[in-house]
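The next block holds one structure in the form of structure tokens; read it before the comments.
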Amino acid sequence: MKNIYRNYNEEDLLTAYLDVIDHTGKMNDEMEEMIRKKFYYNEFVKKAEYKRILIKEKARISFEVYNKVEKGECLDAVLKDTFSEIIESKELVFLISEKFYQFSVYKKNNTIDIKTLYSCLLGTLVSSGIGVLFFVMLISILNEFSFLLLIPLYIINYFIIKLITGKTRDNLIVFLAVFISVIISTILFFVLKK
């Protein structure tokens, strides 16, 4: 039987090694054979342990940045207050900046304020109107109604509301606005059909 690890490069083998050790506590014979064949075993284990420490450190920093973003701190304050003895300074600045941007976008997208409510209301009205026109056109082309046609209606209404609000459906109010606009479009279609 061929060794499944024979085509793994060092990075893939490190990842596989860490996964196996984390889940089972020991590696299998095939993996050990391939590690001994391709690398010096003790050096490989040291690299794997360093990678594990690095992953934990990045997770710690990410969690710290997330908490500071939630508190409303600015990037300069986060950069100034976040330290690491393991990660080099350039990589640390990049990691903090990347995570700060990622968490800030997430926080902004999920914020529900009065502007979001009004823009969702406007988006619901506009998308319902455009959605019913699209629905009428689609039904006239296909000459039959199907609940599967609600999927493209949902997509069109979602993109209209996203364009108006600037927020994604991860925001609860945007999700509800899209859902309501699909219902309104469908009801309007049946009212117009009579």
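Each position in the sequence shown, counted from 1, maps to that position plus 1 in my numbering. Don't be surprised by glycine CBs; every beta carbon is placed ideally from N, CA and C. Computed from a predicted model, the values in this text were never measured in an experiment.
How many angstroms separate the CA atom of F160 from the CA atom of R170?
If you number the sequence shown from 1, residue 160 lands on position 159. If you number the sequence shown from 1, residue 170 lands on position 169. Straight-line Cα distance between these residues: approximately 10 angstroms.
A49: which of G73, D23, N68, V70 sits nearest, CA to CA? Stepping through the sequence shown from its first residue, residue 49 is reached at position 48. Nearest option by C-alpha distance: D23.
Checklist entry - For N158, which of V175, V179, N172, S147 has the nearest alpha-carbon? => result To locate residue 158, count along the sequence shown from 1; it is residue 157. For the residues V175, V179, N172, S147, the minimum Cα distance to N158 belongs to V179.
Query raised in the report: N8: buried (16+ other C-beta within 10 angstroms of its C-beta) or exposed?
Result: In the sequence shown, residue 8 corresponds to position 7, counting from 1. Exposed: under 16 other Cβ atoms inside 10 Å.
Nearest-angstrom Cβ-Cβ length linking E31 and Y6, presumed shorter than 8 angstroms = What you label residue 31 is simply residue 30 of the sequence shown in a count that begins at 1. What you label residue 6 is simply residue 5 of the sequence shown in a count that begins at 1. Right, their Cβ atoms sit about 6 angstroms apart.
*Can you give me the start and stop residues for the alpha helix (DSSP H) that R61 sits inside?*
Stepping through the sequence shown from its first residue, residue 61 is reached at position 60. Per DSSP, R61 belongs to the alpha helix (DSSP H) from 42–72.
* Of the choices I184, M28, I113, whose alpha-carbon is the least far from that of F148? -> One-based indexing of the sequence shown puts residue 148 at position 147. It is I184.
query = Rounded to whole angstroms, how far is the Cβ of F135 from the Cβ of L123, which I believe are closer than 8 angstroms?
reply = To locate residue 135, count along the sequence shown from 1; it is residue 134. To locate residue 123, count along the sequence shown from 1; it is residue 122. Not really, about 18 angstroms apart at Cβ, beyond 8 angstroms.
Item to check | Reduced DSSP secondary structure (H/G/I, E/B, other) of K27 | outcome: In the sequence shown, counting from the first residue as 1, residue 27 sits at position 26. If DSSP states are grouped into helix, strand and coil, K27 belongs with coil.
Can you find the residues in the same chain that come closer than 8 angstroms, C-beta to C-beta, to G167, ignoring five residues on each side of it along the sequence? If you number the sequence shown from 1, residue 167 lands on position 166. Counting only Cβ-Cβ distances below 8 angstroms, and skipping sequence neighbours, we find S120.
In the DSSP assignment, find the alpha helix (DSSP H) that holds S129 and state where it starts and stops.
For the purposes of this step, residue 129 is identified with residue 128 of the sequence shown, where counting begins at 1. Element bounds for S129: 115–143.
Note to self: Since S129 and L189 should fall inside the 8 angstroms C-beta cutoff, what is the C-beta to C-beta distance between them, to a whole number of angstroms?
What the structure shows: Working through the sequence shown from its first residue, we reach residue 129 at position 128. Working through the sequence shown from its first residue, we reach residue 189 at position 188. Confirmed, about 7 angstroms.
To the nearest angstrom, report how far apart I165 and L143 are at their CA atoms. Translated into positions along the sequence shown, residue 165 becomes position 164. Translated into positions along the sequence shown, residue 143 becomes position 142. About 30 angstroms.
Report task. Please classify V192: is it buried, with 16 or more other beta-carbons within 10 angstroms of its beta-carbon, or exposed? Result -> In the sequence shown, residue 192 corresponds to position 191, counting from 1. Counting Cβ neighbours within 10 Å, V192 comes out exposed, since fewer than 16 surround it.
Margin query: With distance defined between alpha-carbon atoms, name the residue in A60, I162, D114, L93 nearest to L126.
Written below: Here residue 126 is taken as the residue at index 125 of the sequence shown, counted from 1. Of the listed residues, the one whose Cα sits closest to L126 is I162.
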